[in-house]
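In UniProt numbering, the protein residues as written are 1 to 335.
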């Protein structure tokens, strides 16, 4: 049978790796002059309609239609494609046979679900880091990253199920207490927000593992979560985001600092619920730059005032180090 006597039909459909396009494979070449209407096609994630931006003949093959999407698609989505129009024709001016409920092959990468535990070996992309077999008992057979330099980072593709403030625990090893990292979120347009900056205390060795307990506030949605090395040098084996327990919400021993007012404008007062010997206070901005550093004799019955009148509005991170222990809290300055 001659090719021009065969019905013009869809063969298969698949998503792009990035989740912004659908590629529809056909059994014949699409007419170069065809103006294909987006209204002739419909796309669903299960029963939820997704908006199409445009449809063109692919530059890589004249037997592929490239369907650019307004709404992103993600790993785990069940994508359905329908065609009920007449605008798509092949080079013999035959209309594309209409079809419904064509399941689109989902080619998008796996996303880690948060809350949950993330092991370093589950990373998506990294720059500058080295990896080794970890001796961390909580990650048997896994890897840790190390040999960090300022500016190194490691990315994880995540889906955050709901917004909120969570417990943030991370397993680290270091021989000194000068390490620090940021947690950054990048959206589908690679717009970045820093959601936390965390200290790394000395653990006594590169494979002497210790779990630090902090907090983190996260929005819901699909993101690239980046661990960014703001100050070297340390190893990390895993981290986890989990619901805060009632005991962690009420346990003031986890962080002896008290900051008031917060948010502040012209000043804030730093006080403690316990004595800290030879305490060093460092205040970092979101870029990881130290804006204030001060040694204090931290007594439980004393408040220490810091002038913020010349600081830019925004989020800051206060780190207090005393006798090998490090504590951190957030401060918001709003003029």
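We put the CB at the ideal spot given by N, CA and C, even for glycine. Bear in mind the structure is a predicted one, so any value in this text is a computation, not a measurement.
query = Mind checking residue 226: buried by the 16 CB within 10 Å criterion, or exposed?
reply = What you label residue 226 is simply residue 226 of the chain shown in a count that begins at 1. Counting Cβ neighbours within 10 Å, residue 226 comes out buried, since at least 16 surround it.
key: Residue of 73, 31, 215 and 165 minimising C-alpha distance to residue 86   = Indexing the chain shown from 1 puts residue 86 at position 86. The shortest C-alpha separation from residue 86 is found at 31.
Simplified DSSP state of residue 120, which is helix, strand or coil = The residue labelled residue 120 in the question sits at position 120 within the chain shown. It is helical.
ask   = For residue 53, which of 60, 47 and 67 has the nearest alpha-carbon?
value = Counted from its first residue, the chain shown places residue 53 at position 53. Per the Cα distances, 67.
Best match in 237, 332, 277 and 240 for proximity to residue 256 [C-alpha to C-alpha] = If you number the chain shown from 1, residue 256 lands on position 256. Answer by Cα proximity: 277.
key: beta strand (DSSP E) segments (min. 3 residues) lying fully within the segment 149-178   = 153-160 and 164-173
query = DSSP three-state call for residue 320: helix, strand or coil?
reply = Residue mapping note: residue 320 aligns to position 320 of the chain shown, counting from 1. Here residue 320 sits in strand by DSSP.
task = Return the CA-CA distance between residue 12 and residue 38, expressed in angstroms with no decimal places.
result = Stepping through the chain shown from its first residue, residue 12 is reached at position 12. Stepping through the chain shown from its first residue, residue 38 is reached at position 38. Cα to Cα, residue 12 sits roughly 18 angstroms from residue 38.
task = Locate the beta strand (DSSP E) running through residue 97, then write down its first and last residues.
result = What you label residue 97 is simply residue 97 of the chain shown in a count that begins at 1. Counting along the chain, residue 97 falls outside any beta strand (DSSP E), and DSSP gives it neither H nor E.
ask   = Looking only at DSSP bridge pairs, what is residue 54 linked to?
value = Stepping through the chain shown from its first residue, residue 54 is reached at position 54. For residue 54, which the question treats as bridged, DSSP gives the partners 68.
message = Quick check: the segment 112-128 against the segment 157-167, are at least 3 beta-carbon pairs closer than 8 angstroms?
response = yes
ask   = Is residue 38 helix, strand or coil by DSSP?
value = The residue labelled residue 38 in the question sits at position 38 within the chain shown. Residue 38: helix per DSSP, three-state reduction.
ask   = What is the DSSP secondary structure of residue 5, counted as helix, strand or coil?
value = Working through the chain shown from its first residue, we reach residue 5 at position 5. Reduced to three states, the DSSP call for residue 5 is helix.
ask   = Looking only at its own chain, which residues have a Cβ that is under 6 angstroms from the Cβ of residue 94, when we skip the five neighbours before and after it?
value = Here residue 94 corresponds to residue number 94 of the chain shown, with the count starting at 1. Around residue 94: 8.
Beta-carbon separation (whole angstroms), residue 237 vs residue 144, contact threshold 8 angstroms = Start at 1 with the first residue of the chain shown, and residue 237 comes out as number 237. Start at 1 with the first residue of the chain shown, and residue 144 comes out as number 144. Their Cβ separation, rounded to whole angstroms, is 4 angstroms, which keeps residue 237 and residue 144 in contact under 8 angstroms.
Euclidean distance between Cα positions of residue 153 and residue 33 = Position 153 of the chain shown holds residue 153. Position 33 of the chain shown holds residue 33. Taking the straight line joining both Cα atoms gives about 47 angstroms.
inquiry  = For a quick check, are the C-beta atoms of residue 169 and residue 106 less than 8 angstroms apart?
reply    = In the chain shown, the residue the question calls residue 169 occupies position 169. In the chain shown, the residue the question calls residue 106 occupies position 106. Result no, Cβ atoms of residue 169 and residue 106 do not sit closer than 8 angstroms.
message = What would DSSP say about residue 251, mapped onto helix, strand or coil?
response = Within the chain shown, the letter at position 251 stands for residue 251. Confidence at residue 251 is low in this model, with a pLDDT of 47, below 50, so its placement is unreliable and the value that follows should be read with caution. Correct three-state label for residue 251: coil.
request  = Indicate whether at least one CB of chain B lies closer than 8 angstroms to the CB of residue 240.
outcome  = Any reference to chain B falls outside this structure, which holds one protein chain only.
query = Anyone know if the C-beta pair for residue 208 and residue 173 falls short of 8 angstroms?
reply = On the chain shown, residue 208 is found 208 positions in, with the first residue counted as 1. On the chain shown, residue 173 is found 173 positions in, with the first residue counted as 1. A contact, by the Cβ cut-off of 8 angstroms.
request  = Find the nearest neighbour of residue 47 within the set 17, 61, 70 and 78, judged by alpha-carbon distance.
outcome  = Your numbering for residue 47 matches position 47 in the chain shown. Residue 78 is the option with its Cα nearest to residue 47.
key: Residue environment, residue 327, which counts as buried when at least 16 other CB atoms sit within 10 Å   = Position 327 of the chain shown, counting from 1, holds the residue named residue 327. Buried.
ask   = Can you give the Cα-Cα distance for residue 24 and residue 190, rounded to whole angstroms?
value = For the purposes of this step, residue 24 is taken as the residue at position 24 of the chain shown. For the purposes of this step, residue 190 is taken as the residue at position 190 of the chain shown. So the alpha carbons of these two residues sit roughly 27 angstroms apart.
message = Quick check: what's the CA-CA separation for residue 58 versus residue 29?
response = As a working mapping, residue 58 is identified with position 58 in the chain shown. As a working mapping, residue 29 is identified with position 29 in the chain shown. Taking the straight line joining both Cα atoms gives about 10 angstroms.
task = Give every residue of the same chain whose Cβ lies closer than 8 angstroms to the Cβ of residue 89, excluding the five residues on either side of it in the sequence, and list them in chain order.
result = Position 89 of the chain shown holds residue 89. Cβ within range, chain order: 8, 30, 31, 34, 95 and 96.
query = Which term fits residue 171, buried or exposed, when burial requires 16 or more other beta carbons within 10 angstroms of its beta carbon?
reply = Mapped onto the chain shown, residue 171 falls at position 171. Label assigned to residue 171: buried.
key: Contact between the segment 126-145 and the segment 174-193 (3+ Cβ pairs under 8 angstroms)   = no
query = What number of angstroms, rounded off, separates the C-alpha of residue 263 from the C-alpha of residue 269?
reply = Stepping through the chain shown from its first residue, residue 263 is reached at position 263. Stepping through the chain shown from its first residue, residue 269 is reached at position 269. Spanning the two alpha carbons is a distance of roughly 11 angstroms.
ask   = Taking the C-alpha atoms as reference points, what is the distance between residue 134 and residue 27?
value = Residue numbering aside, residue 134 sits at position 134 when the chain shown is read from its first letter. Residue numbering aside, residue 27 sits at position 27 when the chain shown is read from its first letter. Spanning the two alpha carbons is a distance of roughly 51 angstroms.
request  = Following the continuous beta strand (DSSP E) through residue 141, name the residue where it begins and the one where it ends.
outcome  = Counting from one through the chain shown, the residue named residue 141 turns up at place 141. First-last for residue 141: undefined, no H or E at that position.
query = Secondary structure at residue 106, three-state DSSP: helix, strand or coil?
reply = Here the question's residue 106 lines up with position 106 in the chain shown. The answer is coil: DSSP assigns residue 106 none of H, G, I, E or B.
inquiry  = I need the DSSP call for residue 115, collapsed to helix, strand or coil.
reply    = The sequence position of residue 115 within the chain shown is 115, counting from 1. It is coil, neither helix nor strand.
inquiry  = Rounded to whole angstroms, what is the Cα-Cα separation between residue 92 and residue 98?
reply    = If you number the chain shown from 1, residue 92 lands on position 92. If you number the chain shown from 1, residue 98 lands on position 98. Looking at the two C-alpha atoms, the distance is approximately 17 angstroms.
task = Would you list the one or two residues that DSSP bridges to residue 199?
result = Stepping through the chain shown from its first residue, residue 199 is reached at position 199. Answer is 180, bridged to residue 199.
query = How many Å lie between residue 22 and residue 76 at the Cα?
reply = The residue you call residue 22 lines up with position 22 of the chain shown. The residue you call residue 76 lines up with position 76 of the chain shown. Each residue's alpha carbon lies about 15 angstroms from the other.
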